[in-house]
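Trainee:
There are 2 protein chains.
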Amino acid sequence: MPNQPNAFDTHDHSHCTTDGLARAEGILALRKQRLTPVRRQTLQILLAEHRALGAYEVLDKLAEAGFGKQPPVAYRALEFLVEHGLAHKVRRLNAFAACMHPETDHAPVFLICRGCNALAETAAEPVRAALDAAAHAAGFTVERTSIEALGLCPKCKVAA
Amino acid sequence: MPNQPNAFDTHDHSHCTTDGLARAEGILALRKQRLTPVRRQTLQILLAEHRALGAYEVLDKLAEAGFGKQPPVAYRALEFLVEHGLAHKVRRLNAFAACMHPETDHAPVFLICRGCNALAETAAEPVRAALDAAAHAAGFTVERTSIEALGLCPKCKVAA
DNA sequence: GTATTTTAGGTTATAGCATAACATAAGCCG
DNA sequence: CGGCTTATGTTATGCTATAACCTAAAATAC
Ligand SMILES: [Zn+2]
Ligand SMILES: [Zn+2]
Ligand SMILES: [Zn+2]
Ligand SMILES: [Zn+2]
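Chains A and B are the protein sequences, given in the same order. Counting from 1 along the first sequence, just add 1012 to a position and that's the residue number in the working numbering. Counting from 1 along the second sequence, just add 1012 to a position and that's the residue number in the working numbering.
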């Protein structure tokens, strides 16, 4: 996993949005896909916070920014971002979050803080390997995974 | 994990329902909780199939059996079963499935076949350990997990 | 055994999440 | 430009889940 700041670390957050948008542009250019205004704004909305946002929450912010007000506007932009690995869906929350290291194709593993709602991704390989091994023992072939943990981040642990 | 038949194994399925109900009675008796008619019927509906059922699908079957027709009827029974470890919620499917080994308190790991919708639970400990390790490295304390894999079961792999 | 408290089941209503289907507009390419 | 493809917007609808209120049944207290 590249060296992106973790949601739980104190960091200069102003870079998160600009870097994220820049990386997205690079990735999409290679794939000859367009980062249109709605898509760009949607990604920016997600990048602004290290937590997952519901589609309707995103939609409200898009509407404020002058885009369409109907659900498909948000869902389509979110679907596009997820498809290209720029965002992930957090199933436990029925919500979406920007990916902090979209250049490496990966199945995400989420750590969700129930105290402050912060959301971080963590090392997927060992977890995925353990899951593959268990699945293999059952004769099952894994294609996609959702691996999510709910708990307390370092800061909220101290506060509690 | 006790010796219960796996959804992917060929097995005498007539035992699954009766054994499951018997185990539920035992567990609830110890906790002085009541397996009321709706709850019993709900569990039986889930036990009848080795797959996850949506709450409204359960509700329809409850209504057919003479119980109430409104969502809370199903949701309350399902919530009770989940609370006592007799069923699990599969977040990837927004659906519920009976647990095949409810006596051991466990966080489930699901294998969901996209071919036949069969759902099996598998060894959680190694996966959970890997996840705990990754979380610990980030200073995060895991309280609850959702670990789910989508793919192909042995039978559907052969068929494909 | 009846009164009191607690737990469960039933209803109506509404909130929250997601997609189908169709129309318009913008980019792309001969 | 003209025709094709992709993207945006709209209306309408469906699926998932819970709040709030009322009645009934069971457990417990007297
Ligand atoms: Zn940041
Ligand atoms: Zn990611
Ligand atoms: Zn069976
Ligand atoms: Zn289980």
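All C-beta atoms in this analysis are idealised placements derived from N, C-alpha and C, irrespective of residue type, glycine included.
Is it the case that the Cβ atoms of cysteine 1165/B and phenylalanine 1152/A are separated by a distance below 9 Å?
Mentor: yes
Trainee: If you scan the region 1051 to 1077 of chain A from start to end, which runs of the alpha helix (DSSP H) of 4 or more residues do you find wholly inside it?
Mentor: 1067 to 1076
Trainee: Whose C-alpha, out of His1148/A, Ala1132/A and Leu1123/A, is nearest the C-alpha of glycine 1156/B?
Mentor: It is worth fixing the name first, because residue 1156/B is arginine in this sequence and not glycine. Nearest of His1148/A, Ala1132/A and Leu1123/A to arginine 1156/B, Cα basis: Leu1123/A.
Trainee: For ligand 2, is there any heavy atom lying closer than 8 Å to the beta carbon of methionine 1112/A?
Mentor: yes
Trainee: Would you say histidine 1118/A touches ligand 2, meaning its beta carbon is less than 8 Å from a heavy atom?
Mentor: For ligand 2, at least one heavy atom lies less than 8 Å from the Cβ of histidine 1118/A.
Trainee: CB-CB under 7 Å to phenylalanine 1092/B, same chain, minus the five flanking residues each way: which ones, in chain order?
Mentor: Arg1051
Trainee: So is asparagine 1018/B buried or exposed if we call it buried at 16+ other beta carbons inside 10 Å?
Mentor: Buried, because 16 or more other Cβ atoms sit within 10 Å of the Cβ of asparagine 1018/B.
Trainee: Considering histidine 1148/A, what are the terminal residues of the alpha helix (DSSP H) in which it resides?
Mentor: 1137 to 1149
Trainee: Hey, leucine 1105/A and alanine 1064/A are a contact pair by Cβ (cut 8 Å); roughly how many whole angstroms apart?
Mentor: 5 Å
Trainee: By the three-class DSSP mapping on this structure, what secondary structure does alanine 1172/B have?
Mentor: coil
Trainee: To the nearest angstrom, report how far apart asparagine 1129/B and leucine 1058/B are at their CA atoms.
Mentor: In a straight line, the C-alpha of asparagine 1129/B is about 14 Å away from that of leucine 1058/B.
Trainee: Cβ of glycine 1097/B less than 9 Å from any chain A Cβ?
Mentor: At a cut-off of 9 Å between beta carbons, glycine 1097/B makes no contact with chain A.
Trainee: Quick check: the region 1028 to 1036 of chain B against the region 1081 to 1088 of chain B, are at least 3 beta-carbon pairs closer than 8 Å?
Mentor: no
Trainee: Does DSSP put alanine 1036/B in a helix, a strand or coil?
Mentor: helix
Trainee: My guess is that glutamine 1045/B and histidine 1113/B are in contact by the Cβ rule of under 8 Å, so how many angstroms apart are they, rounded?
Mentor: The pair is not a contact, with the Cβ atoms about 19 Å apart (cut-off 8 Å).
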